[in-house]
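Each remark here refers to the structure printed beneath this line.
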Amino acid sequence: MNIAVVDDNDMDRNNVINYCQQYISDHYPQDKNFINIKTFASGEELVESYKSGKFDLLVLDIYMTGISGLETAKKIRDVDSDVSIIFLTSSDEHLLEGYRVFATGYFIKPLKDHEEEFAATFNHIFPKLLKNRGGITIRVKGSLVDVSYSDVMYVDVSDAHNIDIHFNNKVLSSPMSYGELAEMLLKEERFLECHHRIIVNMDYIEVMEQEEFILKDNSHIPISRRKRQDVKVAYMNHIISK
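In the numbering used here, the protein residues as written are 13 to 254.
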């Protein structure tokens with residue numbers, strides 16, 4: 013799971029990070045390796061690098077220099093309707109406007125005076141965010157790397173016969189066998205073997221064509237002619253289940 017904290021005040025930003033890390037350690041210690049927190053000093057910085065599916069949760073300060081948290085949320089909603097958003101604020105005057113961008117909740121500053129509200133909000137949202145929690149450990153260049161299920165877009169086999177695990181912004185190559193990795197991934201219902209030695213994370217599919225899937229990053233993933241009917245049924249069932 014990936015969390016972005018956006019605040020132009022260094023102290024406030026660090027406070028949010030500390031509270032998030034403490035909450036995760038207290039409530040989800042088994043998932044710590046699969047929860048990543050990234051910080052941004054402005055809404056512009058977040059929007060500039062944002063892609064749909066990049067984050068599961070955004071914590072946005074409402075009052076920032078440059079574009080506000082509300083303006084940032086509106087821009088993000090233009091490209092990502094699923095990401096959860098929580099606002100940081102010292103006032104409740106923007107509550108209604110926040111819910112117009114489908115905000116999940118609010119953290120009131122200073123956080124030390126509202127620890128119960130912080131915990132209550134996270135108690136509400138984390139079970140939903142972590143329904144896809146967990147991941148796998150893969151071998152990469154002699155090291156073991158923890159990989160979250162939700163970060164994997166698709167898997168295929170390279171010309172060098174390594175397994176390539178494709179993420180939003182990088183590719184990791186592993187000497188693991190395809191069968192070994194497939195056994196781990198296909199236990200999760202979001203993963204689908206749509207072609208010979210290609211596994212796709214259906215959460216990243218934007219469009220299903222006759223012979224291919226088009227992912228949110230515009231990757232084109234072929235659909236096997238032999239498996240076409242079963243693959244399309246599996247994908248439609250996945251959509252319905254969501």
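Just so you know, even glycine gets a beta-carbon here, dropped at the ideal spot from N, CA and C.
Inclusion of ILE235 and GLU223 in the CB contact set at 7 angstroms is warranted, their separation being smaller than that value. CA-to-CA, the gap between MET165 and SER64 works out to about 12 angstroms.
Going by C-alpha positions, ASN26 is about 38 angstroms away from HIS250.
Between ILE148 and MET188, the C-beta spacing is not below 7 angstroms. Beta-carbon to beta-carbon, PHE67 and ASN14 are separated by about 5 angstroms, close enough to satisfy the 8 angstroms threshold. If you look at TYR161, you'll find it isn't in any beta strand (DSSP E); DSSP assigns it neither H nor E. Counting of Cβ neighbours within 10 angstroms places GLY191 among the exposed residues, the total staying below 16.
Beta-carbon to beta-carbon, VAL95 and PHE52 are separated by about 14 angstroms, too far to satisfy the 8 angstroms threshold.
Inclusion of THR116 and ILE98 in the CB contact set at 7 angstroms is warranted, their separation being smaller than that value. By the beta-carbon neighbour count (other beta carbons within 10 angstroms, threshold 16), ILE252 is exposed.
Look at the beta carbons and you see the region 167-184 not touching the region 68-76: under three pairs across the two are nearer than 8 angstroms.
Restricting attention to beta strand (DSSP E) runs no shorter than 3 residues, the region 20-88 encloses them at 48-52, 69-73, ordered along the chain. Counted as a single uninterrupted DSSP element, the stretch harbouring PRO139 is not any beta strand (DSSP E) but the alpha helix (DSSP H) occupying residues 127-141.
For HIS207, the uninterrupted beta strand (DSSP E) segment begins and ends at 203-207.
For SER102, the closest alpha carbon among the candidates GLU83, LEU123, SER93 is that of LEU123. Around the beta-carbon of GLY78, fewer than 16 other beta-carbon atoms lie within 10 Å, marking it exposed. C-alpha of ASP176 to C-alpha of LYS239: approximately 22 angstroms in a straight line. Residue MET220 holds the alpha-carbon nearest to the alpha-carbon of HIS232 among ASP43, MET220, ASP242, GLN241.
Sixteen is the threshold: when 16 or more other Cβ atoms of the shown chains lie within 10 Å of the Cβ of MET76, as they do, the residue is buried. The Cβ-Cβ distance between SER186 and ILE150 falls below 7 angstroms. Within the DSSP bridge table, the entry for LEU227 names ILE217 as partners.
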